[in-house]
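S.K.: Have a look at this one before I ask anything.
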(Lines of atoms letter the chains of each structure in order from A and count residues from 1; the text may use other names and numbers.)
(Lines give C-alpha, C1' and ligand atoms only; values in the text may rest on other atoms or scores of the structure.)
Protein backbone atom coordinates (compact mmCIF):
# COMPACT_ATOMS: atom_id res chain seq x y z
CA UNK A 1 0.00 0.00 0.00
CA UNK A 2 2.83 2.39 0.91
CA UNK A 3 4.70 1.56 -2.30
CA UNK A 4 1.56 2.15 -4.34
CA UNK A 5 1.02 5.54 -2.71
CA UNK A 6 4.68 6.42 -3.29
CA UNK A 7 4.46 5.54 -6.99
CA UNK A 8 1.25 7.54 -7.30
CA UNK A 9 2.91 10.61 -5.84
CA UNK A 10 5.95 10.18 -8.05
CA UNK A 11 3.80 10.20 -11.19
CA UNK A 12 1.87 13.25 -9.97
CA UNK A 13 4.98 15.20 -9.02
CA UNK A 14 6.71 14.36 -12.32
CA UNK A 15 3.80 15.95 -14.18
CA UNK A 16 4.13 19.07 -12.03
CA UNK A 17 7.91 19.08 -12.40
CA UNK A 18 7.62 18.98 -16.19
CA UNK A 19 5.40 22.07 -16.03
CA UNK A 20 7.34 24.03 -13.39
CA UNK A 21 11.02 23.03 -13.73
CA UNK A 22 11.91 26.46 -15.11
CA UNK A 23 10.75 28.17 -11.91
CA UNK A 24 12.68 25.73 -9.73
CA UNK A 25 15.84 26.13 -11.82
CA UNK A 26 15.54 29.92 -11.75
CA UNK A 27 15.16 29.82 -7.96
CA UNK A 28 18.26 27.65 -7.56
CA UNK A 29 20.29 29.89 -9.88
CA UNK A 30 19.26 32.88 -7.77
CA UNK A 31 20.55 31.05 -4.69
CA UNK A 32 23.92 30.78 -6.40
CA UNK A 33 23.85 34.47 -7.37
CA UNK A 34 23.04 35.39 -3.79
CA UNK A 35 26.05 33.37 -2.67
CA UNK A 36 28.27 35.24 -5.14
CA UNK A 37 26.94 38.57 -3.88
CA UNK A 38 27.68 37.62 -0.27
CA UNK A 39 31.19 36.59 -1.27
CA UNK A 40 31.67 39.81 -3.22
CA UNK A 41 30.89 42.05 -0.26
CA UNK A 42 33.50 40.18 1.77
CA UNK A 43 36.17 41.60 -0.58
CA UNK A 44 35.27 45.14 0.40
CA UNK A 45 34.62 44.43 4.09
CA UNK A 46 36.79 46.45 6.46
CA UNK A 47 37.01 45.25 10.08
CA UNK A 48 36.58 47.82 12.79
CA UNK A 49 35.28 48.33 16.34
CA UNK A 50 32.04 46.50 17.08
CA UNK A 51 29.11 48.89 16.98
CA UNK A 52 27.03 49.67 20.04
CA UNK A 53 24.13 47.20 20.10
CA UNK A 54 21.20 46.77 22.48
CA UNK A 55 21.07 42.99 21.96
CA UNK A 56 24.75 42.66 22.82
CA UNK A 57 24.10 44.58 26.02
CA UNK A 58 21.09 42.46 27.04
CA UNK A 59 22.19 38.99 25.92
CA UNK A 60 25.28 37.29 27.35
CA UNK A 61 27.92 36.39 24.78
CA UNK A 62 28.00 32.67 24.01
CA UNK A 63 31.59 32.71 22.83
CA UNK A 64 33.29 31.01 19.91
CA UNK A 65 33.15 27.58 21.49
CA UNK A 66 29.33 27.73 21.62
CA UNK A 67 28.66 29.34 18.26
CA UNK A 68 27.57 25.96 16.92
CA UNK A 69 24.33 26.17 18.91
CA UNK A 70 22.60 28.62 16.57
CA UNK A 71 23.82 26.68 13.53
CA UNK A 72 22.43 23.46 15.02
CA UNK A 73 19.03 25.08 15.50
CA UNK A 74 19.05 26.41 11.94
CA UNK A 75 20.08 23.04 10.49
CA UNK A 76 17.28 21.34 12.43
CA UNK A 77 14.72 23.83 11.07
CA UNK A 78 16.00 23.43 7.52
CA UNK A 79 16.03 19.62 7.55
CA UNK A 80 12.64 19.41 9.29
CA UNK A 81 10.99 21.64 6.71
CA UNK A 82 12.71 19.88 3.81
CA UNK A 83 11.47 16.48 5.00
CA UNK A 84 7.96 17.85 5.63
CA UNK A 85 7.65 19.00 2.01
CA UNK A 86 8.10 15.36 0.96
CA UNK A 87 5.60 13.89 3.43
CA UNK A 88 2.90 13.37 0.73
CA UNK A 89 5.03 10.52 -0.61
CA UNK A 90 4.49 8.57 2.60
CA UNK A 91 1.62 9.88 4.70
CA UNK A 92 -2.07 9.70 3.87
CA UNK A 93 -2.91 13.15 5.21
CA UNK A 94 -1.49 15.11 2.28
CA UNK A 95 -2.39 18.74 1.66
CA UNK A 96 0.45 19.99 -0.54
CA UNK A 97 2.28 19.15 -3.75
CA UNK A 98 6.05 19.07 -3.22
CA UNK A 99 6.99 20.75 -6.51
CA UNK A 100 4.47 23.55 -6.08
CA UNK A 101 5.39 24.26 -2.47
CA UNK A 102 9.07 24.60 -3.40
CA UNK A 103 8.22 26.94 -6.27
CA UNK A 104 6.46 29.11 -3.74
CA UNK A 105 9.24 28.91 -1.15
CA UNK A 106 11.93 29.78 -3.69
CA UNK A 107 9.90 32.79 -4.85
CA UNK A 108 9.81 34.08 -1.26
CA UNK A 109 13.52 33.42 -0.75
CA UNK A 110 14.56 35.13 -3.99
CA UNK A 111 12.52 38.26 -3.26
CA UNK A 112 13.93 38.56 0.28
CA UNK A 113 17.49 37.86 -0.84
CA UNK A 114 17.22 40.50 -3.58
CA UNK A 115 16.34 43.10 -0.94
CA UNK A 116 19.10 41.77 1.30
CA UNK A 117 21.78 42.19 -1.37
CA UNK A 118 20.68 45.79 -1.96
CA UNK A 119 20.93 46.64 1.74
CA UNK A 120 24.29 45.08 2.58
CA UNK A 121 25.91 46.60 -0.52
CA UNK A 122 24.46 50.02 0.32
CA UNK A 123 26.36 50.25 3.61
CA UNK A 124 29.12 47.94 4.84
CA UNK A 125 29.25 47.57 8.59
CA UNK A 126 32.17 46.09 10.54
CA UNK A 127 31.21 42.48 11.23
CA UNK A 128 30.57 41.60 14.87
CA UNK A 129 31.50 37.93 14.41
CA UNK A 130 34.80 36.79 15.85
CA UNK A 131 36.40 36.04 12.50
CA UNK A 132 35.41 39.48 11.14
CA UNK A 133 37.18 41.53 13.81
CA UNK A 134 40.56 43.24 13.68
CA UNK A 135 43.43 40.77 13.79
CA UNK A 136 41.54 37.92 12.12
CA UNK A 137 43.18 36.46 9.01
CA UNK A 138 39.84 35.99 7.26
CA UNK A 139 38.35 39.41 8.09
CA UNK A 140 39.40 40.47 4.59
CA UNK A 141 39.47 38.39 1.45
CA UNK A 142 42.49 38.76 -0.84
CA UNK A 143 41.53 40.08 -4.24
CA UNK A 144 40.79 37.28 -6.71
CA UNK A 145 43.58 36.27 -9.05
CA UNK A 146 41.30 35.03 -11.84
CA UNK A 147 37.65 35.35 -12.95
CA UNK A 148 37.12 31.69 -12.09
CA UNK A 149 37.94 32.40 -8.46
CA UNK A 150 35.15 34.97 -8.35
CA UNK A 151 32.62 32.41 -9.54
CA UNK A 152 33.62 29.81 -6.97
CA UNK A 153 31.63 29.47 -3.76
CA UNK A 154 33.65 27.86 -1.01
CA UNK A 155 31.48 26.15 1.65
CA UNK A 156 34.03 27.36 4.19
CA UNK A 157 33.36 30.91 3.05
CA UNK A 158 29.64 30.52 3.68
CA UNK A 159 30.36 29.95 7.37
CA UNK A 160 33.04 32.64 7.58
CA UNK A 161 31.65 35.44 5.45
CA UNK A 162 31.84 39.08 6.50
CA UNK A 163 30.00 42.21 5.45
CA UNK A 164 26.65 40.65 4.46
CA UNK A 165 24.86 41.81 7.58
CA UNK A 166 21.59 43.64 6.98
CA UNK A 167 19.59 41.56 7.04
CA UNK A 168 20.16 38.02 8.36
CA UNK A 169 20.05 35.26 5.73
CA UNK A 170 19.51 32.61 8.41
CA UNK A 171 16.39 34.44 9.55
CA UNK A 172 15.13 34.69 5.95
CA UNK A 173 15.16 30.91 5.59
CA UNK A 174 13.80 30.27 9.07
CA UNK A 175 10.89 32.72 8.75
CA UNK A 176 9.98 31.63 5.21
CA UNK A 177 9.85 28.01 6.37
CA UNK A 178 7.81 28.84 9.47
CA UNK A 179 5.37 31.04 7.53
CA UNK A 180 4.92 28.36 4.87
CA UNK A 181 4.20 25.65 7.41
CA UNK A 182 1.90 28.01 9.30
CA UNK A 183 -0.26 28.27 6.19
CA UNK A 184 -0.07 24.74 4.81
CA UNK A 185 0.77 22.65 7.86
CA UNK A 186 -1.90 20.80 9.79
CA UNK A 187 -0.47 20.44 13.31
CA UNK A 188 -1.19 23.43 15.52
CA UNK A 189 1.43 22.57 18.13
CA UNK A 190 4.12 22.36 15.41
CA UNK A 191 3.11 25.81 14.17
CA UNK A 192 3.47 27.23 17.68
CA UNK A 193 6.75 25.39 18.16
CA UNK A 194 7.98 26.77 14.82
CA UNK A 195 7.37 30.37 15.87
CA UNK A 196 9.00 29.72 19.24
CA UNK A 197 12.02 28.21 17.49
CA UNK A 198 12.29 31.24 15.18
CA UNK A 199 12.28 33.56 18.20
CA UNK A 200 14.89 31.51 20.07
CA UNK A 201 17.01 31.31 16.92
CA UNK A 202 16.93 35.11 16.71
CA UNK A 203 18.31 35.40 20.24
CA UNK A 204 20.98 32.79 19.58
CA UNK A 205 22.19 34.62 16.46
CA UNK A 206 22.63 37.81 18.47
CA UNK A 207 24.17 36.02 21.46
CA UNK A 208 26.63 34.31 19.10
CA UNK A 209 27.56 37.78 17.75
CA UNK A 210 26.92 36.61 14.20
CA UNK A 211 24.68 39.59 13.50
CA UNK A 212 23.72 42.87 15.05
CA UNK A 213 20.25 43.14 16.52
CA UNK A 214 19.14 45.37 13.65
CA UNK A 215 19.93 42.57 11.18
CA UNK A 216 17.49 40.27 12.96
CA UNK A 217 14.81 42.90 13.55
CA UNK A 218 14.81 44.00 9.91
CA UNK A 219 14.56 40.35 8.83
CA UNK A 220 11.46 39.80 10.99
CA UNK A 221 9.35 42.56 9.46
CA UNK A 222 10.81 42.43 5.94
CA UNK A 223 10.30 38.68 5.42
CA UNK A 224 6.78 38.81 6.83
CA UNK A 225 5.86 41.74 4.56
CA UNK A 226 7.41 40.14 1.47
CA UNK A 227 5.64 36.82 2.08
CA UNK A 228 2.35 38.61 2.76
CA UNK A 229 2.55 40.61 -0.49
CA UNK A 230 3.77 37.78 -2.72
CA UNK A 231 1.27 35.36 -1.28
CA UNK A 232 -1.49 37.58 -2.65
CA UNK A 233 0.06 37.62 -6.12
CA UNK A 234 1.07 33.97 -6.53
CA UNK A 235 -1.56 31.43 -7.65
CA UNK A 236 -2.89 29.46 -4.72
CA UNK A 237 -1.98 25.81 -4.38
CA UNK A 238 -4.73 23.41 -5.46
CA UNK A 239 -6.48 22.03 -2.40
CA UNK A 240 -6.07 18.28 -2.14
CA UNK A 241 -8.69 18.03 0.59
CA UNK A 242 -11.56 19.64 -1.32
CA UNK A 243 -14.95 18.01 -0.89
CA UNK A 244 -15.62 18.18 -4.61
CA UNK A 245 -13.77 15.87 -6.95
CA UNK A 246 -13.70 15.81 -10.74
CA UNK A 247 -15.50 12.80 -12.14
CA UNK A 248 -13.56 11.22 -14.97
CA UNK A 249 -15.36 11.15 -18.26
CA UNK A 250 -14.95 8.14 -20.51
CA UNK A 251 -14.46 10.59 -23.40
CA UNK A 252 -11.18 11.81 -21.94
CA UNK A 253 -7.92 9.95 -21.65
CA UNK A 254 -6.47 9.11 -18.27
CA UNK A 255 -3.67 11.65 -18.75
CA UNK A 256 -6.11 14.47 -19.61
CA UNK A 257 -8.23 13.84 -16.53
CA UNK A 258 -5.13 13.60 -14.36
CA UNK A 259 -3.84 16.95 -15.64
CA UNK A 260 -7.21 18.61 -15.09
CA UNK A 261 -7.22 17.36 -11.54
CA UNK A 262 -3.79 18.86 -10.90
CA UNK A 263 -4.61 22.22 -12.43
CA UNK A 264 -7.89 22.51 -10.59
CA UNK A 265 -9.47 24.46 -13.45
CA UNK A 266 -10.69 23.99 -16.96
CA UNK A 267 -13.08 21.23 -15.91
CA UNK A 268 -16.69 21.28 -16.97
CA UNK A 269 -18.81 22.07 -13.87
CA UNK A 270 -21.10 19.23 -14.86
CA UNK A 271 -18.21 16.88 -14.19
CA UNK A 272 -17.96 17.85 -10.54
CA UNK A 273 -19.70 15.66 -7.98
CA UNK A 274 -19.70 15.77 -4.19
CA UNK A 275 -17.31 13.22 -2.69
CA UNK A 276 -20.20 11.34 -1.12
CA UNK A 277 -21.82 10.84 -4.53
CA UNK A 278 -18.76 9.33 -6.18
CA UNK A 279 -19.26 5.61 -5.76
CA UNK A 280 -16.43 4.48 -7.91
CA UNK A 281 -12.86 3.51 -7.36
CA UNK A 282 -9.53 5.31 -7.30
CA UNK A 283 -6.84 4.53 -9.80
CA UNK A 284 -3.12 4.65 -9.10
CA UNK A 285 -3.04 8.42 -9.69
CA UNK A 286 -5.73 9.18 -7.15
CA UNK A 287 -8.40 10.06 -9.75
CA UNK A 288 -11.95 9.09 -8.87
CA UNK A 289 -13.85 7.21 -11.53
CA UNK A 290 -17.61 7.29 -11.64
CA UNK A 291 -18.87 3.77 -12.37
CA UNK A 292 -22.02 5.09 -13.99
CA UNK A 293 -19.98 6.96 -16.60
CA UNK A 294 -17.55 4.17 -17.27
CA UNK A 295 -20.20 1.52 -17.74
CA UNK A 296 -19.01 -0.50 -14.74
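Residue numbers (the numbering used here): 420 to 715. The beta-carbon is built from N, C-alpha and C at its ideal position, and this holds for glycine as well.
Identify, in the order they occur along the chain, each residue of the same chain with its Cβ nearer than 6 Å to the Cβ of residue 428, setting aside the five sequence neighbours on each side.
M.R.: These residues qualify, in order along the chain: 507 and 508.
S.K.: Give the secondary structure of residue 643 by DSSP, where H, G and I count as helix, E and B as strand, and everything else as coil.
M.R.: Looking at residue 643 - three-state DSSP - the assignment turns out to be helix.
S.K.: Between which two residues does the alpha helix (DSSP H) holding residue 504 run?
M.R.: Unbroken run through residue 504: none, as it is neither H nor E.
S.K.: Measuring only the C-alpha atoms, how far is residue 589 from residue 424?
M.R.: Each residue's alpha carbon lies about 35 Å from the other.
S.K.: Below 8 Å on the Cβ atoms is my guess for residue 531 versus residue 645; work out the distance and round it to an integer in Å.
M.R.: Indeed they touch by this definition, with Cβ atoms about 5 Å apart.
S.K.: Going by C-alpha distance, which of 604, 597 and 488 is nearest residue 514?
M.R.: Nearest of 604, 597 and 488 to residue 514, Cα basis: 604.
S.K.: Which one of 564, 625 and 529 has the shortest CA to CA distance from residue 444?
M.R.: If we check each option's Cα against that of residue 444, 529 comes out closest.
S.K.: For the pair the segment 591-606 and the segment 543-560, tell me if three or more CB-CB distances fall below 8 Å.
M.R.: Counting Cβ pairs under 8 Å, fewer than three are found: no touch.
S.K.: With distances taken Cα to Cα, identify the nearest neighbour of residue 538 among 587, 574, 580 and 435.
M.R.: Among 587, 574, 580 and 435, the Cα nearest to that of residue 538 is on 587.
S.K.: Can you tell me whether residue 545 is buried or exposed? The criterion is at least 16 other CB atoms within 10 Å of its CB, across all chains shown.
M.R.: By the neighbour-count rule (16 or more Cβ atoms within 10 Å), residue 545 is buried.
S.K.: Could you give the distance in angstroms between the alpha-carbon of residue 449 and the alpha-carbon of residue 479?
M.R.: Distance between the alpha carbons of residue 449 and residue 479 is about 36 Å.
S.K.: Mind reading off the beta-carbon distance from residue 453 to residue 582? Whole number of angstroms is fine, and I expect it under 8 Å.
M.R.: About 14 Å separates the two Cβ atoms, so there is no contact after all.
S.K.: If we ignore side chains and look at the alpha-carbon of each, how far apart do residue 579 and residue 422 end up?
M.R.: One C-alpha to the other measures close to 43 Å.
S.K.: Could you check what DSSP says for residue 483 in three-state terms: helix, strand or coil?
M.R.: Helix at residue 483.
S.K.: Between the Cα of residue 585 and the Cα atoms of 642, 623, 432 and 446, which residue gives the shortest distance?
M.R.: Checking every option, the nearest Cα to that of residue 585 belongs to 642.
S.K.: Suppose the cutoff is 8 Å on Cβ atoms and the five residues either side in sequence are ignored; what does the same chain contact list for residue 442 look like?
M.R.: Around residue 442: 522, 525 and 526.
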